[in-house]
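Novice: Quick note, the sequences are listed as chains R and Y, same order.
For the numbering used here, count along the first sequence from 1 and bump the result up by 72.
For the numbering used here, count along the second sequence from 1 and bump the result up by 30.
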Amino acid sequence: MKYLGLIWANLFRKKTRTLLTLLSLVSAFLLFGLLQAVNVLFNSAGDFVGATRLVTQARVSFTQALPLRLLPQIESVDGVDAVMYQQWFGGYYQEPRNFIAMFAVEPERFLAVYPEWVLAPEQREAFLKNRTGVIVGRQLADRFGWKVGDKVPFNSNIWPQQNGDKTWPLDVVGIFDGKDEDWQRRTNALAYLNFAYFDEARQFGRGGAGTYTVTLGDPDRAAEVAREIDRRFENSPDETRTQTEKDFQLGFIKQIGEIGLIVNAILAAVFFTILLLTGNTMAQAVRERIPELAILKTLGFRDVQVMSFVLAEAVLLVMIGGLGGMLLASGAMAVLGSLPGFPPFRMDATVWTWAIGAMIGLALAVGILPALTAMRLRIADALRR
Amino acid sequence: MALVEIRNVTKNYTRGRETVEVLHGINLAIEAGDFVALMGPSGSGKTTLLNLLGGLDVPTGGEISVDNQRIDQLSSAALSRWRAHNVGFVFQFYNLLEHLSALKNVELPLLLTSLGGAERRRNAEIALTVVGLAERMTHKPKELSGGQQQRVAIARAIVSDPTVLICDEPTGDLDRASADDVMRLLQALNREQGKTIVMVTHDPKAAEYARRRIHLDKGTLIGEET
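1. Answer with buried or exposed for Y/Ser-110, where buried requires no fewer than 16 other C-beta atoms within 10 angstroms of its C-beta.
2. Starting from the beta carbon of Y/Ala-114, find every residue of chain R whose beta carbon is closer than 7 Å, and list them in chain order.
3. How far does the alpha helix (DSSP H) with R/Val-387 in it reach, from first residue to last?
4. Can you name, in chain order, every residue of its own chain whose Cβ lies under 7 Å from the Cβ of R/Arg-89, other than the five neighbours on each side?
5. Could you tell me the distance, in whole angstroms, from the CA atom of R/Glu-167 to the CA atom of R/Ile-432?
6. Taking the beta strand (DSSP E) that Y/Val-182 falls in, what are its first and last residues?
7. Cβ atoms of R/Val-112 and R/Thr-422: under 8 Å apart, would you say?
8. Give a yes or no on whether the minimum CB-CB distance between R/Leu-78 and chain Y is below 8 Å.
9. In or out: Y/Tyr-43 buried (at least 16 other Cβ within 10 Å) or exposed?
10. From Y/Glu-199, Y/Ala-59 and Y/Leu-86, pick the residue whose C-alpha is nearest to that of Y/Gly-70; which is it?
11. Y/Gly-55 touches chain R at which residues, Cβ-Cβ below 8 Å?
12. Would you decide whether R/Phe-344 is buried or exposed? Buried here means 16 or more other CB atoms lie within 10 Å of its CB.
13. If I measure Cβ to Cβ from Y/Val-212 and keep anything under 8 Å in the same chain, skipping five residues before and after, which residues do I get?
14. If you check the beta carbons only, do R/Thr-350 and R/Thr-135 fall under 8 Å apart?
15. Assess, as a yes-or-no matter, whether the segment 274–286 of chain R is touched by the segment 155–172 of chain R under the definition of 3 or more beta carbon pairs within less than 8 Å.
16. Whole angstroms is fine: what's the gap from R/Glu-180's alpha carbon to R/Leu-107's?
17. Tell me which residues share the same chain as Y/Phe-123 and place their Cβ nearer than 7 Å to its Cβ, disregarding the 5 neighbours each side in the sequence.
18. Nearest CA to the CA of Y/Ser-175: which residue from Y/Leu-126, Y/Val-230 and Y/Met-31?
19. Using the Cα positions of Y/Ala-164 and Y/Glu-155, report the straight-line distance between them to the nearest angstrom.
20. Would you call the segment 252–263 of chain R in contact with the segment 231–241 of chain R, where contact means no fewer than 3 C-beta pairs closer than 8 Å?
21. Taking only runs of the beta strand (DSSP E) that begin and end inside the segment 74–130 of chain R, which ones reach a length of at least 3 residues, in chain order?
22. Could you give the uninterrupted runs of the alpha helix (DSSP H) lying entirely in the segment 78–137 of chain Y, keeping only those of 4 residues or more?
23. Give me the DSSP bridge partner(s) of R/Asn-266.
24. DSSP on R/Trp-42, reduced to helix/strand/coil?
25. Which residues does DSSP list as the beta-bridge partners of R/Ser-228?
26. Check whether the Cβ atoms of R/Leu-441 and R/Ala-355 sit closer than 8 Å, and answer yes or no.
27. Which chain R residues are close to Y/Ser-105, counting only those with a beta carbon under 7 Å from its beta carbon?
28. At a CB-CB cut-off below 8 Å, which residues of chain R make contact with Y/Pro-139?
29. Less than 8 Å between the beta carbons of R/Phe-248 and R/Trp-160, yes or no?
30. Along the chain, where does the alpha helix (DSSP H) containing R/Leu-455 start, and where does it finish?
31. So, Y/Val-117 versus Y/Gly-85, is the Cβ gap smaller than 8 Å?
32. Counting only C-beta atoms, is Y/Gly-73 closer than 8 Å to chain R at any point?
33. Does the Cβ of Y/Ile-188 have 16 or more other Cβ atoms within 10 Å, making it buried, or fewer, making it exposed?
34. Based on the DSSP secondary-structure assignment, which residues constitute the bridge partners of Y/His-245?
35. To which residues does DSSP link Y/Ala-240 through a beta bridge?
36. Which term fits R/Pro-241, buried or exposed, when burial requires 16 or more other beta carbons within 10 angstroms of its beta carbon?
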């Protein structure tokens, strides 16, 4: 610790240069934090669902509907406890930027398969009985000021009613909560309407549902049950693909593209640039003070100590910049995550571990050559410069 | 036995394919408490000899003993430790760390000791007081005159109470008045505190402060005056 003052003073001997380098490091790690948090969000998209449910979709694509007549065949598979079906509604409120993840479901089956949604008994009853009823997530209701009894004109960007109108006036009969914080966070954009009403009223596609969701008595039998469901529809016009709900969620996300690959490619480019920039700063800093380093050796500091000072400067520089950037990213995530319409971004331990690893790697990469130069310095030669 | 014993010391440098012998079999003894001025024209080998005495370089041949210790046989790390405990250095251009205050510059050698922070600071303050800079402790080198900077360098050289002070042209960058101040300070350290001083200088006036003046030419000792 007694050397910290000396290392700190050396680091800031050219204040402007050091501050500019720090700024570039802060920017790089801010970007790293933000992009990795997005990456985590995408990769953990299915983490909350557990492993007790399977999702069956058309083998070709989940955009192709499966007929409702598959229901009894799926229900009869050994190991299946309950089955529900749902259709993506493609909803929004007033304008497309007010996106709502909205599904048409058969209420009784839906509530049996998703006990994670908490609904007051009378609202549950109302959802079961009211054909034009819709239940909305708590945070979504709060966002638009909806309450039970309201009639809300939802819009679909896919489904017109038989009269061609894509606006669906529905009665808010319930507002649901999540069973825990994770699920509650997902109430910010979710709504469910009654499938029977939707199916009758829609202009096309009647009798079909996008996916079936199956609950399992024994999660260990997931692979076996999935195989059996798909086997039943092999070589039929309605071949299926069954997977765990988590895999389905991830597959859905990956429709957008290989997010991880894109994120990592951007970060690689950023860090390569930072490596060159910071490496150059460190090398220049050491070149400029060769006589000073020679003086330290003259006074009795050993080669390895002088090398450690230079390396410690690199570590300190990168750690200050890196931690600054990561803290800013954490703050930005917290603010963004609390805004309506934004997903629940968070900076988890994995992101921090990667960030600390990147800081150490970067510090060693930029510091090692100048440190070795300092170590190898011959006093008599260096003092003559 | 003398404090410093130099026996048949040679030093060669290799430049490309050519080997240049800078010192040719130097023999010299310096007693404890002596004040020696090494004089000679440029290229005579006086700075090379000073570097060997201070453990900044190693001889090609011969022996160098300081306080009965053969320093020519020490490893690089051991030589560093030896320098930290036994030698104080003063250079022509002061060689202070520009971004540190006078106090922090003087404290530097004490970082290599087991002293605590408060004790290091106290010793550095004493050393600066000895050289007459008690009022300039927090000043950075750029805020001091050349003579004051050299005094800071002398304070840094004496703060760990070394056996020998090695001075390489300590007045070479100073005006006459400042040079005399610095030389009087070195003389006082020699006379009043018994510091052994070996100094390289071109300046005959500075050399007059020394007890012995040894002349080198072309890598050989050619004469001595007292």
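Just so it is clear, CB atoms sit at the ideal spot from N, CA and C, and this is done for glycine as well.
Specialist: Answer, in terms of the structure:
1. buried
2. Leu-371 and Gly-372
3. 375–410
4. Thr-353
5. 47 Å
6. It is not in any beta strand (DSSP E) - Y/Val-182 instead sits in the alpha helix (DSSP H) that spans 176–188.
7. yes
8. yes
9. exposed
10. Y/Glu-199
11. Correct list: empty, because the minimum Cβ distance to chain R is about 20 Å.
12. exposed
13. Gly-177, Gln-180, Arg-181, Ile-184, Pro-200, Thr-201 and Leu-204
14. no
15. yes
16. 40 Å
17. Asp-203
18. Y/Leu-126
19. 7 Å
20. no
21. 125–130
22. 106–116 and 132–137
23. R/Val-177
24. The structure shown does not extend to residue 42 of chain R, since chain R is modelled only from 73 to 457, so the question has no answer here.
25. R/Gly-163
26. yes
27. Residues of chain R passing the Cβ test: none, with the nearest at roughly 10 Å.
28. Leu-371 and Gly-372
29. no
30. 451–455
31. yes
32. no
33. buried
34. Y/Met-69 and Y/Gly-253
35. Answer is none; Y/Ala-240 lacks a bridge partner.
36. exposed
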